Amino acid sequence: MTSGACWLAVDGIPSVRLEAGDAFILPSGQDFRLASSLEAPPICATELFPPASGDNVVTLNGGGEAFLVGSRFAVQKPQADILIKSLPPVFHVQSEADRTGLRYSVEQMIKEMASNRPGATLMAEHLAHMMLVHALRIYLEAPLLGTGTGWFYALADARLSSALAAFHAAPAKRWTLETLARQAGISRSAFAKCFRDTVGETPMSYIARWRMLLAADRIVMNAMPLAQAAEMAGYRSESAFSSAFKRIMGASPRSYARDERAALKEHDETTAH
Numbered sequence: 049m050t051s052g053a054c055w056l057a058v059d060g061i062p063s064v065r066l067e068a069g070d071a072f073i074l075p076s077g078q079d080f081r082l083a084s085s086l087e088a089p090p091i092c093a094t095e096l097f098p099p100a101s102g103d104n105v106v107t108l109n110g111g112g113e114a115f116l117v118g119s120r121f122a123v124q125k126p127q128a129d130i131l132i133k134s135l136p137p138v139f140h141v142q143s144e145a146d147r148t149g150l151r152y153s154v155e156q157m158i159k160e161m162a163s164n165r166p167g168a169t170l171m172a173e174h175l176a177h178m179m180l181v182h183a184l185r186i187y188l189e190a191p192l193l194g195t196g197t198g199w200f201y202a203l204a205d206a207r208l209s210s211a212l213a214a215f216h217a218a219p220a221k222r223w224t225l226e227t228l229a230r231q232a233g234i235s236r237s238a239f240a241k242c243f244r245d246t247v248g249e250t251p252m253s254y255i256a257r258w259r260m261l262l263a264a265d266r267i268v269m270n271a272m273p274l275a276q277a278a279e280m281a282g283y284r285s286e287s288a289f290s291s292a293f294k295r296i297m298g299a300s301p302r303s304y305a306r307d308e309r310a311a312l313k314e315h316d317e318t319t320a321h
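The numbering of the sequence shown is my numbering, which starts it at 49 and goes up by one.
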């Protein structure tokens, strides 16, 4: 929020007062309200917002009271679930130190969208990604982060983060509880307990699921042959890979790829219209 102030309301959680300089993320994509008063009757955005002008700025009621800069990010499931489930419904960035880091990207984005220079839209998109990553870093480093469970919380633990980084760098390697614990610099039992308590599943379960998510992406997006996808996931036989894939992803690799491609095609056609 670059100027003014307003309320942010999301069902099921306390309303948040936004002041100039504040930033917020709504990871779950829930419906939300922005209002000068929480007592004001809600109006659907599609009824209220006129088409954006050439500089991608929408003015309501003459403007002047508040100005917000926002971006919407589309995430691909099921890979995105690992991240989204670890985040709160609303993440509010309000400390001066954190806001300072975001302010540069916001100011540059406004300049780019108002300039109409070649590549302005591309620059604005990259700046939006920078803002998102910066905000997630702020959340990752928050003092109270350790109160939750999920993959994102493991990144805040130096020991688990080291093990995860090693695995993510070489997912097809024959990882064991011992080799992961060695990367973390702690005993097997301590690592297993810490991982389960923090991530919410066992290390080997996480490894198996991550490998299948990578394989699913390769099969769907790159049309990779099953034999190659199996090898890159650390499986020596296509049949063993297919069985593991169906157990974890809920469908055979071919069925999963067919359904996901159909869903992506439908999404692209809907977006185009």
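Where a beta carbon is used, it is the ideal one built from N, C-alpha and C, also for glycine.
Every value quoted in this text rests on a predicted model; they were computed, and no experiment measured them.
Margin query: Give me, in chain order, the residues of the same chain whose beta-carbon lies closer than 6 angstroms to that of THR197; leave out the 5 immediate sequence neighbours on both sides.
Written below: The beta carbon of THR197 lies closer than 6 angstroms to those of GLY248 in the same chain, with the five residues before and after it left out.
Checklist line | Alpha-carbon to alpha-carbon, ALA264 and ARG284 | finding: Looking at the two C-alpha atoms, the distance is approximately 17 angstroms.
Notebook entry, point to check: Using DSSP with H/G/I as helix, E/B as strand and the rest coil, what is PHE239?
Noted result: Judged by DSSP in its simplified three-state form, PHE239 adopts helix.
Check: Closest to PRO137 by CA distance: which of ALA256, VAL64 and ALA281 is it?
Finding: It is VAL64.
Notebook entry, point to check: Does the Cβ-Cβ distance between LEU225 and MET260 come in under 8 angstroms?
Noted result: Taking 8 angstroms as the Cβ cut-off, LEU225 and MET260 do not qualify as a contacting pair.
Next item on the list: Please say whether ALA232 and LEU323 have beta carbons closer to each other than 8 angstroms?
Entry: Since the displayed the chain opens at 49 and closes at 321, residue 323 lies outside it and no answer follows.
Note to self: Between THR250, LEU274 and LEU82, which has its C-alpha nearest ASP291's C-alpha?
What the structure shows: The sequence as given places Ser at residue 291; Asp does not occur at that position. Here the closest residue by C-alpha is LEU274.
Check: In its own chain, which residues sit with a C-beta less than 7 angstroms from the C-beta of MET272, not counting the 5 before and 5 after it?
Finding: Taken in chain order, the residues that qualify are ARG266.
Next item on the list: Starting from the Cα of VAL181, find the closest Cα among ARG165, TRP223 and SER153 and give me that residue.
Entry: Out of ARG165, TRP223 and SER153, the CA that lies nearest to the CA of VAL181 is found in SER153.
Notebook entry, point to check: Should ILE73 go down as buried or exposed, given a rule of 16 or more other Cβ atoms within 10 Å for buried?
Noted result: It counts as buried.
Item checked: Beta-carbon proximity list for ARG367, same chain, < 8 angstroms, skipping 5 on both sides -> Only positions 49 to 321 of the chain appear in this structure, which leaves residue 367 out of reach.
Check: Given HIS321, which residues of its chain have a CB within under 8 angstroms of its CB, disregarding the five upstream and five downstream residues?
Finding: For HIS321, the predicted structure reports a pLDDT of 48, less than 50, and the residue's modelled location is therefore unreliable. A value from the coordinates is still provided. Cβ neighbours of HIS321 beyond the five flanking positions: none.
Note to self: Assuming ILE73 is part of the beta strand (DSSP E), what are its boundary residues?
What the structure shows: Segment 71-73, the beta strand (DSSP E) holding ILE73.
Check: What does CYS92 pair with, by DSSP beta-bridge criteria?
Finding: Answer by DSSP bridge pairing: none, since CYS92 is not bridged.
Check: Is the CB of LEU203 under 8 angstroms away from at least one CB in chain B?
Finding: This model lacks chain B altogether; it includes just one protein chain.
Notebook entry, point to check: Taking all protein chains shown into account, do 16 or more other C-beta atoms lie within 10 angstroms of the C-beta of VAL123, making it buried, or fewer, making it exposed?
Noted result: VAL123 comes out exposed.
Notebook entry, point to check: For LEU82, which of GLY69, TRP55, ALA68 and SER76 has the nearest alpha-carbon?
Noted result: Of the candidates GLY69, TRP55, ALA68 and SER76, TRP55 places its Cα closest to the Cα of LEU82.
Check: Rounded to a whole number of angstroms, what is the C-alpha to C-alpha distance between PHE121 and SER76?
Finding: Straight-line measurement puts the Cα of SER76 at about 11 angstroms from the Cα of PHE121.
Note to self: To the nearest angstrom, how far is the alpha carbon of MET49 from that of ASN164?
What the structure shows: Roughly 22 angstroms separates the two Cα atoms.
Next item on the list: Closer than 6 angstroms by C-beta to ALA211: which residues in its own chain qualify, once you throw out the five before and the five after it? Chain order, please.
Entry: Take ALA211, set aside five residues on each side of it, and the residues of its chain with a beta-carbon closer than 6 angstroms to its own are LEU228, GLN231 and ALA232, in chain order.
Next item on the list: Look up TRP199 in the DSSP assignment and give the residues it is bridged to.
Entry: By DSSP's assignment, TRP199 forms no beta bridge with any residue.
Margin query: Nearest by alpha-carbon distance to ILE186: which of PHE139, PRO219 and PHE215 is it?
Written below: Ranked by how close their Cα comes to the Cα of ILE186, the residues PHE139, PRO219 and PHE215 have PHE139 in first place.
Checklist line | Distance CB(THR250)-CB(ALA238) smaller than 8 angstroms | finding: No, the pair does not count as a contact, with Cβ atoms beyond the cut-off.
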